[in-house]
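One structure below.
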Amino acid sequence: MNILFVAPYVPSPIRVRPYNFIRALARRGNNITLVCSTDKGDQAALAEMQSICTRVLTAPLGKAGMLWNAFCALPGHLPFQAALNNSSRLLTLVHTEARSRQHDVAHVEHLRASALGAELRGLPAVLDSVDCISMLFERTLRGSPSLKSRAMALVDLARTRTYEASYLTRYERVIISSPEDAWALEMLRTMQDQANEERTIAASPVTVIPNGVDLDYFAPQPRTRAPATIVFSGKMSYHANTAAALLLVQDIMPLVWERRPDARVVIAGSAPPREVQALDGDPRVTVTGYLPDLRPSIASATLAVCPLRYGVGIQNKVLEAMALATPSVVARQATQALQVIDGRDVFLAEQPHEYAQAILTLINDTWLATQIGQAGRRYVEQHHDWDSAAQQLEVVYRQAMARTNGKSSRREKMGMSDALGYTTERP
């Protein structure tokens, strides 16, 4: 297939889902034209995409441009995340490629690129929503300790709900990472239909394609695990990870330290905010900041932990730790998209005392920890291979193409302004 892949950023190992979709699709013989915005520091990731894709077309967009786009969205109905990457140069690239008749199908990555779908008229299009962002905002309002995060969620929640509900009539197919997020997206559309008392265009089905994990890159490593060491990894500037790190050190670990004062915590990941950096003041806690490779920190720990105050979708950090055969204690909420069995593949927890008990069990029972780690590796091998995910994605592409075979695309039927509810002009 010839695929036009539209992304709001350069896919890279940090952007796990589009990066691995592109790699797996290319391995399967598909020709991919990538259209994305770029910023300073993207050179290495861009070079890798150029080595994988048939063509890569870029539109430079720095932080100043993104802030301007968000400012322009203030008086309208477009969510800030959908406005951030909506540059006129990117719109022109997508418009030109969609009309070139060189592509069989378009793949649009995330809410942040979804506004570009208006430029894909005439071309069958699949949106990867990834997560239901309005559900994330709802959980942020309830669970985030950060006033800034709660304020941003409150400002953008209503318009994001309305916008996400329109996905199912603007795209031939929609994919998402978890059943819970799929349900939330479909409920948004149902509530909108009930409010309007009519449905003019039938909604597209939502297909769940869970995230995979690079099984070769995250292969178990022959290294000795540090005793009584708990690792929590991820991009620490992400507000849900910040909240989780605070939960771990402030609420869970005091219960562990009562019985194992020798236990250590490693918080590994880039851009930790001040409140996370402050945790490093405790000699039992290490905040690493940016690491070029997280695997040694995860593979050398006794166990990995993924506590959540709130979140949506699949937690990649869980799959990566399991792939490395590191036994994991995971929030029940973080595994709703998985088919893991508690006590076999991972330990599940919800309350601080449940996390603490599971952590203590794995610290004190080396044999059990090894068994859980090995079972976790087997689970991801069976259920989260990226090549299998790409095969599912190809089926969705064919469904989208069949839906528009000889017919107008949904964006042609609705018209650009009707589909988006705003004017696409951007400075």
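The number in the working numbering is simply the position in the sequence shown, starting from 1, with 110 added. Even glycine gets a Cβ: it sits at the ideal position worked out from N, Cα and C. Only a predicted model underlies this, so the values are computations on that prediction, with no experimental measurement involved.
Residue nearest to residue 167 within the set 452, 506, 120 is 120 (criterion: CA-CA distance). Burial is judged here by how many other beta carbons sit within 10 angstroms of a residue's own beta carbon; residue 445 has at least 16 and is buried. Annotation for residue 419: 253, 353, 357 place their beta carbon closer than 6 Å to its own, counting only its chain and skipping 5 residues before and after. Residue 380 sits away from residue 348, with the two beta carbons spaced by 7 Å or more. Exposed is the label assigned to residue 515, since fewer than 16 other Cβ atoms lie within 10 Å of its Cβ. With 16 or more other Cβ atoms from the protein chains shown falling within 10 Å of its own Cβ, residue 224 counts as buried.
Comparing alpha carbon positions, the residue from 217, 154, 296, 281 closest to residue 123 is 154. With a threshold of 16 other beta carbon atoms within 10 Å, residue 346 meets it and is buried. Within the same chain, and ignoring the five residues on either side of residue 219 in sequence, the residues whose Cβ sits closer than 6 Å to its Cβ are 117, 128, 238. Closest in C-alpha terms to residue 206, from the list 186, 188, 228, 398, comes 228. Three or more Cβ pairs drawn from the region 356-370 and the region 460-471 lie within less than 8 Å of each other, which places the two stretches in contact. Membership of residue 339 in the beta strand (DSSP E) is indicated by the continuous run 339-343. Here residue 330 is near residue 434, since their CB atoms are less than 7 Å apart. Between residue 234 and residue 510, the gap from beta carbon to beta carbon is short of 7 Å. Within the region 131-156, complete beta strand (DSSP E) segments of at least 3 residues are found at 141-148, given in chain order. Following the DSSP letters along the chain, one finds residue 437 in no beta strand (DSSP E), marked with neither H nor E. Here residue 258 is exposed, its C-beta having fewer than 16 other C-beta atoms within 10 Å. The shortest CA-to-CA distance from residue 197 to any of 216, 185, 173 is the one to 173. Here residue 399 carries a strand assignment [DSSP, helix/strand/coil]. Only exposed fits residue 391, as fewer than 16 other CB atoms lie within 10 angstroms of its CB. Contact between the region 382-389 and the region 407-417 is not established, with fewer than three Cβ pairs separated by less than 8 Å. Apart from the 5 residues on each side of it in sequence, residue 452 sits with its Cβ closer than 8 Å to the Cβ of 458 in its chain, given in chain order. Membership of residue 412 in any beta strand (DSSP E) is not indicated, and neither H nor E is assigned to it by DSSP.
In its chain, beyond the 5 residues on either side, 458, 460 have a beta carbon closer than 6 Å to the beta carbon of residue 442. Cβ-Cβ separation between residue 142 and residue 164: approximately 6 Å, consistent with a contact (criterion under 8 Å).
If you draw a straight line from the Cα of residue 245 to the Cα of residue 508, it comes to about 29 Å. Excluding residues up to 5 positions away in sequence, 376, 378, 407, 408, 411, 414 lie with their Cβ nearer than 7 Å to the Cβ of residue 341 in the same chain.
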